[in-house]
Each structure stands twice: as structure tokens, then as C-alpha cells.
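Enquirer: A single structure is presented below for examination.
Protein chains: 2
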Amino acid sequence: MMNKKCSFDTRKNIAFMFSLSEENYLKTIFHLEKINSGGVSTNALAGEMETKASSVTDMLKKLSEKKLVKYRKYQGVQLSDKGHKAAVEVIRKHRLWEVFLVEKLNFSWDEVHDIAEQLEHIKSEKLTQELDKFLEFPKRDPHGDPIPDAEGNFRIANKVLLADLEEGESGICVGVKDSSTEFLQYLDKNNIALGKSVTVVHREAYDESLFIKINDEDLHVSKSISNNLFVKPVE
Amino acid sequence: MMNKKCSFDTRKNIAFMFSLSEENYLKTIFHLEKINSGGVSTNALAGEMETKASSVTDMLKKLSEKKLVKYRKYQGVQLSDKGHKAAVEVIRKHRLWEVFLVEKLNFSWDEVHDIAEQLEHIKSEKLTQELDKFLEFPKRDPHGDPIPDAEGNFRIANKVLLADLEEGESGICVGVKDSSTEFLQYLDKNNIALGKSVTVVHREAYDESLFIKINDEDLHVSKSISNNLFVKPVE
DNA sequence: AACAATTTTTAGCCTTACCTAAAAATTGTT
DNA sequence: AACAATTTTTAGGTAAGGCTAAAAATTGTT
Chain A
-19 MMNKKCSFDT RKNIAFMFSL SEENYLKTIF HLEKINSGGV STNALAGEME
31 TKASSVTDML KKLSEKKLVK YRKYQGVQLS DKGHKAAVEV IRKHRLWEVF
81 LVEKLNFSWD EVHDIAEQLE HIKSEKLTQE LDKFLEFPKR DPHGDPIPDA
131 EGNFRIANKV LLADLEEGES GICVGVKDSS TEFLQYLDKN NIALGKSVTV
181 VHREAYDESL FIKINDEDLH VSKSISNNLF VKPVE
Chain B
-19 MMNKKCSFDT RKNIAFMFSL SEENYLKTIF HLEKINSGGV STNALAGEME
31 TKASSVTDML KKLSEKKLVK YRKYQGVQLS DKGHKAAVEV IRKHRLWEVF
81 LVEKLNFSWD EVHDIAEQLE HIKSEKLTQE LDKFLEFPKR DPHGDPIPDA
131 EGNFRIANKV LLADLEEGES GICVGVKDSS TEFLQYLDKN NIALGKSVTV
181 VHREAYDESL FIKINDEDLH VSKSISNNLF VKPVE
């Protein structure tokens, strides 16, 4: 009675691991756990996945049966070790493919998300490893997010929001919090890129906007900008 | 009542084109049309797709409604222009990814099929074009099969089976008919590779085996080998 | 502590892409 | 041309992953 169908291919019996949908849930639970650690609520998950709460409940039961999450009715959900591992693997693939698209195929950083969202579900351990090697084991993706290694360990962190720097402090741009096309293109337009050095010259108390110096040019950015750009504080 | 779900992603509304399953049917119909041109039978399709005839009938109705095939009950099926174009696009992507895996990620030619089977369904025209460019517009995949260009035209052909060469004739190995791991590894073991030159020294009448010379070494191959290796005849 | 508001779950349906079993059409043989 | 064999289609079901609407649990307010 076992059906030979699997998550990505009707024909071949490369039947392993998790369905596309399961992987997307695990990934999203992972991201939501980061934001407000503690259990993730059904509604939060529904919002993030653009689906209905009832669908989420169904899936949580399924993930729970597979021991991928710890789930208690009405009490939200948490990844189990097994689920955490699976989520990190998907994230690793997503970010490696983003590096590939930008570094090798001339994509800009605001174009890669949707394609990586597809590529992250390709099943082949060897493919992931060889891609990692081909890209020379990058530590961050094009948006500055850390790429876990083959064992699932994130090797870097140490980033703060530009908004959190004090007057006079400096940092190197290392990532973005908002990955929307609009924000990324704003950065491009104003010549802000990862790797560049930025110094907070003055903070306008009234609206919390910042006067910054970036690569010797002066720029005035609103709170909603400084709140979405990560920097690695310098010295 | 329209559902925002699409073929590959539960979350994003990149809702275009065809489902994974539809693409696999189109691709398989294309291959079967090559072999014995004329309509493709339901049973042939069921055999090739490892599914049941009744499932095939269901899908043919669906493809027919979408004008991807010409289908008349009990009379088999043929690709329409639209279906042909879609099938060629999938084949183009499959073969480009195979080149990528072998040329850039150190895969051997017998390992790439199953992964390319997944990658061929990734939706992004720009991705396909940029990949083609990155690979420097290859004309054949690692098994010697021709890669259609962006307009869907196959630019090469002119290959015959080694088995069809006469005594004394020569050719350059350009492709394989059987892509099984077993056959490909047999070729590797005997130092037969695409691009190499081969000459038929003598044909054994009884079993149709061939005594050949390949890169200055003598080799005796059975009919079932010579019948699965394509060569481009020389002069 | 009770009641209202909100969140979450349940129950019952839908669609895709499979399946089996039975019916219908086609093909091959005499 | 008739009948048997084969092929193909129809009818009715299943599982995954969605949905809506209603019921149940939790939370917040007085």
C-alpha cells in the first residue's frame, strides 16, 4: 500500500526525507524561533506562510508525528533536534544557491530570493557539498546572512543594527534585515553595499534619523533604513 | 475559487506554467515521439513513466484541455506546438544542468541524471539563460545529447550507432543511447569516452560483435555495446 | 470569578495526481 | 464477419495539502 510517490518526483524512487511543504514549515519555524525565542504560535506561522491557521494545525500534527517538532495543542510549537537539523540544511542550501546566483551567474542581490526558494529543495548531499566547495566555502550569503557549514554550525554572528550604533561609532556593513527588492534597491541607489565602512556622525533625536559617512560621502538616513541594515562594529 | 498554489511552491505566487507532473509527461511524450514517430500510445507512456494506463488517460485529458497535446480517445497522443516548446525547454534545462554538474562540480557522467531530473523543473528564464552563458553555450550534454538553444532549436545531429559502421569505417564517439550507470561505467572501465576516435577493424558475422581500435588500443565489443554508442562518422 | 475577545482546533470539502476494478473500444485471428 | 485478446477509458477511491465555518480552549478585563 506504500505509495512510491515522493516530494519532488513522480517517477524515481529517490524517496527520502521531507516534502517541499514540510521543509518550508521547518524553515519558517526556525526563523520565527530566532525572532522571539520560545514557542512559535499557530497564527504567527500562518501569517508568515501566507496560509490559514487550520492548515498550520494540520501540518504541525504531521511534523509532530515525524518527531520534527515539539507540539502541544494550543501551546505553540518548537523544533526538535531533528527538525532543527533539517531546517538548517534547507537554509544552508538556500544561502549557498544565492551565492552561486550572484557570484557566478550575474544576478543582483535583490533577484535571487525566489529562485533560491526553489533550489533549496533539491535533494542531493553531494550536490550541496560540491557547490559549497565550488564557491570556496562562503561564510555569508549576498545579504550578509551566515551560511551554516556541512555539520549545521553557523560560524559567524557579531552583527548589530546600524540604528544601535552610538554617535561616533563605526562599522562594516555585513547584512540586511529586510530583503525586499525595494530596500535592496534603495541601498544600491545610495551606494551602500556589504563590506563598506560606515560611521555615525550625528543622531537626530526627534526622528532618530542618522547622519552617516559612508566611504567618504555624507548621507542622511531615516530610522526605518538604519533599523534594517546590520553592521559589524569596528574596534 | 482560484487556488494560489502552484507546482513547486506553496508560499509564493510565482504561479506560472506547468506542474512538475505535467512537465514530466510532456518530456516523456517528446522522447517517445522520437523513437517511433507517429502518435504515442497510452500504454507506452504508462510504461515509460512507471505509472498506470488509467493515470495516463487522466493526465492526457488535462494536457489536452490546456492545448499541450493533440489527443483523441483510443488514438494515442501527439505534442502540439505549444507542448513541443514546453518539452524542449525542460530538456534544455536538464541537459544544461548535467553539463554544470560534470564540468563545474566534479560529477561523473553516470551520477548526474537524477539530480538534473530535479533541477530541470526550476522556473526562471533568466536562470536558464545565465547558466547557458556561464557554461559557454555547450552544444552537447555529458552523454552527447544535443542541447537546444534558447529558441528551442537543436543545432546538431549527424550521429549513427557504432553498430552501423561498416568494416574499415571510423567515427568520433559523440553520445550514448543507454545512459544507465552500468553502461557508462563499462565505457569508463574500457577507456571509451566522448570525443575519442574509433575504427571498426572487423565484424564477427556470427554474433555481430566488433573488433575495434580505440585510441590505438584493440578492443572486442559485443553487439549490445556497439548498439548503444553513437559516433559521428568521419570522412 | 465570570464573561468577552482572541486564538486554536476540529469537521467537512476541494484539487492534484495517483490507484484498482470494471466497462468499452480497438485489433488480430480465424 | 465474429469473437477473443488487448488496449484504453470510466468510475470510484486514496493521500497530501490546501480551504471555510463552527466548536473549543485560552487570554484579558472587569
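Read top to bottom, the protein sequences are chains A and B. Just so you know, this note's numbering puts 131 at position 151 of the first sequence, and the rest follows in order with no gaps. Just so you know, this note's numbering puts 29 at position 49 of the second sequence, and the rest follows in order with no gaps. Ideal Cβ placement from N, Cα and C applies to all residues, glycine included. Only a predicted model underlies this, so the values are computations on that prediction, with no experimental measurement involved.
#1: Give a yes or no on whether the minimum CB-CB distance between B:ILE152 and chain A is below 9 Å.
#2: Do we get a CB-CB distance below 9 Å when we pair B:LYS203 with the residues of chain A?
#3: Have a look at the DSSP bridge pairing and note the partners of A:THR179.
#4: Return the residues of the segment 99 to 125 of chain A that lie within a Cβ-Cβ distance of less than 7 Å from chain B, sorted by chain order.
#5: Let me know if A:ASP125 comes out buried or exposed under the rule of 16 or more other beta-carbons within 10 Å of its beta-carbon.
#6: Would you report the Cα separation of B:LYS176 and B:LYS169, rounded to the nearest angstrom?
#7: Compute the distance between the beta-carbons of B:GLY56 and B:THR22, then report whether it is under 9 Å.
#8: Mind listing the chain A neighbours of B:LYS193? Cutoff is C-beta to C-beta under 8 Å, in chain order.
#9: DSSP state of A:LYS7, grouped into three classes?
#10: Chain A partners of B:ASN86, CB-CB under 7 Å?
#11: Taking Cβ positions only, does B:GLU91 come closer than 9 Å to chain A?
#12: Do A:PHE117 and A:ALA67 count as a contact pair if the criterion is CB distance below 9 Å?
#13: Measuring straight from C-alpha to C-alpha, what distance separates A:ILE192 and B:PRO128?
#14: Which residue's Cα is closest to the Cα of A:PRO213: A:ALA143, A:PHE87, A:GLU184, A:SER160?
#15: In angstroms, rounded to a whole number, what distance separates the CA positions of B:VAL20 and B:LYS7?
#16: Can you find the residues in the same chain that come closer than 6 Å, C-beta to C-beta, to A:ARG183, ignoring five residues on each side of it along the sequence?
#17: Just to check, is the beta-carbon of A:ARG52 closer than 8 Å to a non-hydrogen atom of the ligand PLP?
#18: Please report the distance separating the alpha-carbon of A:ILE71 from that of A:ALA130.
#19: Can you list, in chain order, the residues of its chain with a C-beta nearer than 7 Å to that of B:HIS123? Leave out the 5 residues immediately preceding and following it.
#20: Quick one: what does DSSP say A:ASP121 is sitting in, helix, strand or coil?
#21: Alpha carbon to alpha carbon, how far is B:SER(-1) from B:TYR54? Give it in angstroms, no decimals.
#22: For A:VAL49 versus A:SER34, is the C-beta spacing smaller than 9 Å?
#23: Three-state secondary structure (DSSP) at B:LYS157?
#24: How big is the Cα-Cα spacing for B:GLU45 and A:THR37?
#25: Sort B:ILE95, B:LEU107, B:HIS101, B:PHE80 by Cα distance to A:HIS93 and report the nearest one.
#26: What is the rounded straight-line gap between the Cα of A:ILE152 and the Cα of A:GLU162?
#27: Can you grab the Cα-Cα spacing for the pair B:TYR51 / B:ARG120, in whole Å?
#28: Closest by CA to A:GLU13, which one among A:GLU197, A:GLN58, A:ASN138?
#29: Just curious, the beta strand (DSSP E) that A:LYS212 is in, first and last residue?
#30: With DSSP as the reference, identify every bridge partner of A:ASP282, one or two as the case may be.
#31: Please confirm if A:ASP260 has its CB atom under 9 Å from at least one CB of chain B.
#32: Quick one: is B:GLU97 buried, meaning 16 or more other Cβ sit within 10 Å of its Cβ, or exposed?
#33: Between B:TYR95 and chain A, is the shortest Cβ-Cβ distance under 9 Å, so that the two count as touching?
#34: So, B:LEU209 versus B:LEU167, is the Cβ gap smaller than 9 Å?
#35: Leaving out the 5 sequence neighbours to the left and right, which residues in its chain are closer than 8 Å to A:VAL82 when beta-carbon positions are compared?
Expert: Reading from the atomic positions:
#1: The beta carbon of B:ILE152 sits no closer than 9 Å to any beta carbon of chain A.
#2: So, not an interface residue.
#3: A:THR179 pairs with A:SER150, A:LYS193.
#4: Shown in chain order are the members of the segment 99 to 125 of chain A whose Cβ falls below 7 Å from a Cβ of chain B: LEU99, ILE102, LYS103, SER104, LEU107, GLU110, LEU111, PHE114.
#5: A:ASP125 comes out buried.
#6: For B:LYS176 and B:LYS169, the distance between alpha carbons rounds to 14 Å.
#7: The answer is yes: Cβ separation under 9 Å.
#8: Within chain A, no residue comes near B:LYS193; the closest Cβ sits about 36 Å away, beyond 8 Å.
#9: It is helical.
#10: Those within 7 Å of B:ASN86 in chain A are GLU110.
#11: Chain A, which has a Cβ nearer than 9 Å to the Cβ of B:GLU91, makes this yes.
#12: Taking 9 Å as the cut-off, the Cβ atoms of A:ALA67 and A:PHE117 do not count as close.
#13: Distance between the alpha carbons of A:ILE192 and B:PRO128 is about 52 Å.
#14: Looking at the Cα atoms, A:ALA143 is the closest of the given residues.
#15: Roughly 12 Å separates the two Cα atoms.
#16: Take A:ARG183, set aside five residues on each side of it, and the residues of its chain with a beta-carbon closer than 6 Å to its own are GLU147, LEU190, in chain order.
#17: For the structure depicted, the ligand PLP is absent and the ligand set is empty, with no information on it obtainable.
#18: For A:ILE71 and A:ALA130, the gap between their C-alpha atoms comes out near 11 Å.
#19: TRP89, GLY155, VAL156, SER159, listed in sequence order.
#20: If DSSP states are grouped into helix, strand and coil, A:ASP121 belongs with coil.
#21: Approximately 25 Å between the Cα atoms of the pair.
#22: No, these two residues do not count as a Cβ contact at 9 Å.
#23: Of the three classes helix, strand and coil, the one that applies to B:LYS157 here is coil, per DSSP.
#24: The C-alpha of A:THR37 is placed about 35 Å away from the C-alpha of B:GLU45.
#25: Nearest to A:HIS93 by alpha-carbon distance, out of B:ILE95, B:LEU107, B:HIS101, B:PHE80, is B:LEU107.
#26: The C-alpha of A:ILE152 lies about 22 Å from the C-alpha of A:GLU162.
#27: Going by the C-alpha atoms only, they are around 32 Å apart.
#28: Per the Cα distances, A:GLN58.
#29: Membership of A:LYS212 in the beta strand (DSSP E) is indicated by the continuous run 209 to 213.
#30: What the structure shows of chain A is the stretch from -19 to 215, and residue 282 of chain A is not part of that stretch, so it cannot be assessed.
#31: The first residue shown for chain A is -19 and the last is 215, placing residue 260 of chain A beyond what the model contains.
#32: Classification of B:GLU97: buried, given that the 10 Å Cβ count is 16 or more.
#33: Before going on, a small fix: residue 95 of chain B reads as Ile here, not Tyr. Chain A, which has a Cβ nearer than 9 Å to the Cβ of B:ILE95, makes this yes.
#34: A contact, by the Cβ cut-off of 9 Å.
#35: Within the same chain, A:VAL82 has close Cβ partners SER88, TRP89, VAL92, PRO122.
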